[in-house]
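Below is one structure, written out as structure tokens; comments come after it.
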Amino acid sequence: MAAERSTADILDAAVHVRAAARNAASGATGVGTVLTALAEVMAYDHASLSRWDPLRKRHTTLAGSYPDDATAYIESRLHHDPVFAVLRGPARGGLWLRDVPRNLLAASPGFQEVLSPLGIEDGVAQCLFSADGRYVGMLNVSTRSPRRAPDPARAVVTLLTEALAAAVDPGTGRPSEAAPTAGGRRPGGLSPRELQVLGELTTGRTNREIAERLHITPRTVGTHIEHILAKLDLPNRAAAAARAAAWGVEPSR
0 MAAERSTADI
10 LDAAVHVRAA
20 ARNAASGATG
30 VGTVLTALAE
40 VMAYDHASLS
50 RWDPLRKRHT
60 TLAGSYPDDA
70 TAYIESRLHH
80 DPVFAVLRGP
90 ARGGLWLRDV
100 PRNLLAASPG
110 FQEVLSPLGI
120 EDGVAQCLFS
130 ADGRYVGMLN
140 VSTRSPRRAP
150 DPARAVVTLL
160 TEALAAAVDP
170 GTGRPSEAAP
180 TAGGRRPGGL
190 SPRELQVLGE
200 LTTGRTNREI
210 AERLHITPRT
220 VGTHIEHILA
230 KLDLPNRAAA
240 AARAAAWGVE
250 PSR
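Those letters in the sequence shown? Residues 0 to 252, by numbering that gives the first Met the number 0.
Next comes the structure, spelled out in structure tokens:
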């Protein structure tokens with residue numbers, strides 16, 4: 000592992016992380032280059048970047064160095080861990096291991112079954128969100144050595160979350176940038192048909208009325224709406240209609 004670095008070095012390294020994240024988001028390089036650059040911000044023993052799949056309700060690891068059992072936990076069980084509820088709470092800040100209350104660590108299978116056996120003593124779990132508020136994935140970083148205090152890397156990792164979110168899910172740009180354009184870019188990873196249905200929701204039409212306009216069945220409309228709500232992490236069709244209006248998605252003419 001690299002030695003502790005000065006604040007100036009860490010800030011310079013953060014610029015490299017942002018550049019790596021931009022390249023990964025554009026497809027020019029793999030997500031693994033982001034973690035490689037991040038090692039210059041804070042030395043770690045294990046790290047991973049994972050994308051949240053709203054349809055399958057699980058994480059998918061895009062790049063990482065954790066052992067297989069730890070990776071499996073991140074992918075299939077982490078979102079059920081009591082620590083995860085804190086991570087996705089209103090504060091939405093990174094949660095550093097040494098700041099987690101002891102009673103929460105005692106109740107966390109992730110710490111008791113995965114991190115503790117690895118000898119992990121410090122690190123951070125950081126939820127990543129798109130500009131429009133969707134949860135898109137997570138950064139996990141773990142080290143066997145406690146980090147010094149004060150630690151400039153803590154602030155830098157928080158400042159990098161927007162860039163990391165874009166690397167994990169290239170559709171995380173500003174809503175206005177992600178709205179449909181002549182270039183064909185689609186927001187939230189929605190399919191062309193899902194975008195059509197999303198636009199129809201702004202009119203308050205029923206599933207049957209939407210089905211008649213789009214020449215599909217009401218059941219198919221319902222399925223599209225379920226996928227829209229899952230992909231955009233929204234609670235109901237009214238929220239989806241509001242999102243469509245914010246993005247300027249309109250019903251077919």
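Glycine included, C-beta positions come from ideal geometry on N, C-alpha and C.
For this session: Assess, as a yes-or-no matter, whether the stretch 15-23 is touched by the stretch 106-118 under the definition of 3 or more beta carbon pairs within less than 8 Å.
Result: no
Exercise. Sorted by chain position, which residues of the same chain lie with C-beta nearer than 7 Å to Leu77's C-beta, five sequence neighbours on each side aside?
Worked result: Counting from one through the sequence shown, the residue named residue 77 turns up at place 78. Hits under 7 Å: His58, Phe83 and Gly109.
Exercise. With C-beta atoms as the reference, is Val123 less than 8 Å away from Val135?
Worked result: Taking the sequence shown and counting its residues from 1, one reaches residue 123 at position 124. Taking the sequence shown and counting its residues from 1, one reaches residue 135 at position 136. Cβ atoms of Val123 and Val135: not closer than 8 Å.
For this session: Would you be able to state if there are at least three C-beta pairs under 8 Å between the stretch 66-74 and the stretch 92-107?
Result: Cβ pair count under 8 Å is below three, so no.
Problem set entry | Residue environment, Thr68, which counts as buried when at least 16 other CB atoms sit within 10 Å | Here residue 68 refers to the residue found at position 69 when the sequence shown is read from its first residue. Strictly speaking, residue 68 in this sequence is Asp, with Thr absent from that position. Classification for Asp68: exposed.
Problem set entry | Distance between Thr60 and His45 (C-alpha atoms, nearest Å) | The sequence position of residue 45 within the sequence shown is 46, counting from 1. The sequence position of residue 60 within the sequence shown is 61, counting from 1. Cα-Cα distance, rounded: 13 Å.
Exercise. So, Leu114 versus Gln125, is the Cβ gap smaller than 8 Å?
Worked result: As a first step, residue 114 is located in the sequence shown; it is residue number 115 there, counting from the start. As a first step, residue 125 is located in the sequence shown; it is residue number 126 there, counting from the start. Cβ distance not < 8 Å, so Leu114 and Gln125 don't count as in contact.
For this session: Give me the Cα-Cα distance between Glu193 and Leu163, rounded to the nearest whole angstrom.
Result: In the sequence shown, counting from the first residue as 1, residue 193 sits at position 194. In the sequence shown, counting from the first residue as 1, residue 163 sits at position 164. Their backbone Cα atoms lie some 26 Å apart in a straight line.
Exercise. How about the stretch 212-230 and the stretch 49-58: do they share at least three Cβ pairs that are nearer than 8 Å?
Worked result: yes
For this session: Kindly indicate the opening and closing residues of the beta strand (DSSP E) around Ala240.
Result: As a first step, residue 240 is located in the sequence shown; it is residue number 241 there, counting from the start. Segment Arg236 to Trp246 is the alpha helix (DSSP H) holding Ala240; no beta strand (DSSP E) there.
For this session: Report the rounded CA-to-CA distance for Ser64 versus Gly203, giving the unit in angstroms.
Result: Taking the sequence shown and counting its residues from 1, one reaches residue 64 at position 65. Taking the sequence shown and counting its residues from 1, one reaches residue 203 at position 204. Distance between the alpha carbons of Ser64 and Gly203: 48 Å.
For this session: Give the DSSP-derived three-state secondary structure of Ala177 in the structure shown.
Result: The residue given as residue 177 occupies position 178 in the sequence shown. Interpretation of Ala177 is limited by its pLDDT of 41, a score under 50 that renders its predicted location unreliable; no figure is taken from the coordinates.
Problem set entry | Distance between Gly187 and Val155 (C-alpha atoms, nearest Å) | The count along the sequence shown starts at 1 and reaches residue 155 at position 156. The count along the sequence shown starts at 1 and reaches residue 187 at position 188. Cα-Cα distance, rounded: 27 Å.
For this session: Would you mind listing the beta strand (DSSP E) stretches within the stretch 80-150 that are 3+ residues and don't spill past its ends, in chain order?
Result: 121-128 and 134-142
For this session: On a CA-only basis, which of Pro217, Leu127 and Thr157 is nearest Ala165? Give me that one, please.
Result: Position 166 of the sequence shown, counted from the first residue, corresponds to residue 165. The candidate whose alpha carbon is nearest that of Ala165 is Leu127.
For this session: Measure the alpha-carbon distance for Thr6 versus Leu233 and round it to whole angstroms.
Result: Position 7 of the sequence shown, counted from the first residue, corresponds to residue 6. Position 234 of the sequence shown, counted from the first residue, corresponds to residue 233. Their Cα atoms are separated by approximately 39 Å.
Problem set entry | Same chain, Cβ closer than 8 Å to Ala239, neighbours up to 5 away in sequence not counted | Position 240 of the sequence shown, counting from 1, holds the residue named residue 239. Excluding positions up to five away in sequence, the list reads Leu197, Leu200, Ile224, Ile227, Leu228, Leu231 and Leu233.
Exercise. If Ala36 sits next to Ala12, beta carbons under 8 Å apart, how far is it from one beta carbon to the other, in whole angstroms?
Worked result: In the sequence shown, residue 36 corresponds to position 37, counting from 1. In the sequence shown, residue 12 corresponds to position 13, counting from 1. Right, the Cβ-Cβ distance comes to about 7 Å (below 8 Å), so this counts as a contact.
Exercise. Could you check where the alpha helix (DSSP H) with Ala71 kicks off and where it finishes?
Worked result: For this step, residue 71 is matched to residue 72 along the sequence shown. It spans Asp67 to Ser75 - the alpha helix (DSSP H) in which Ala71 sits, taken as one unbroken run.
Problem set entry | Asp80 beta carbon less than 8 Å from that of Ser129 | Here residue 129 refers to the residue found at position 130 of the sequence shown. Here residue 80 refers to the residue found at position 81 of the sequence shown. No, they are not a contact pair.
Exercise. Ala62 and Leu86 look like a contact to me (Cβ under 8 Å); what is the Cβ gap, rounded to whole Å?
Worked result: By 1-based counting over the sequence shown, the position of residue 62 is 63. By 1-based counting over the sequence shown, the position of residue 86 is 87. In this structure, Ala62 and Leu86 do not form a Cβ contact; the two beta carbons are roughly 20 Å apart against a cut-off of 8 Å.
Problem set entry | Residues bridged to Arg57 [DSSP beta-bridge criterion] | One-based indexing of the sequence shown puts residue 57 at position 58. Answer is Asp52.
Exercise. Hey, does Thr28 have any beta-carbon neighbour from chain C nearer than 8 Å?
Worked result: Given the protein chain composition of this structure (a single chain), no chain C is represented.
Problem set entry | DSSP three-state assignment for Gly187, whether helix, strand or coil | Taking the sequence shown and counting its residues from 1, one reaches residue 187 at position 188. In the structure shown, Gly187 sits in a helix (DSSP, three-state: H, G or I).
Problem set entry | Among Ala42, Thr216 and Gly221, the one whose alpha carbon lies nearest that of Asn235 | Here residue 235 refers to the residue found at position 236 when the sequence shown is read from its first residue. Answer by Cα proximity: Gly221.
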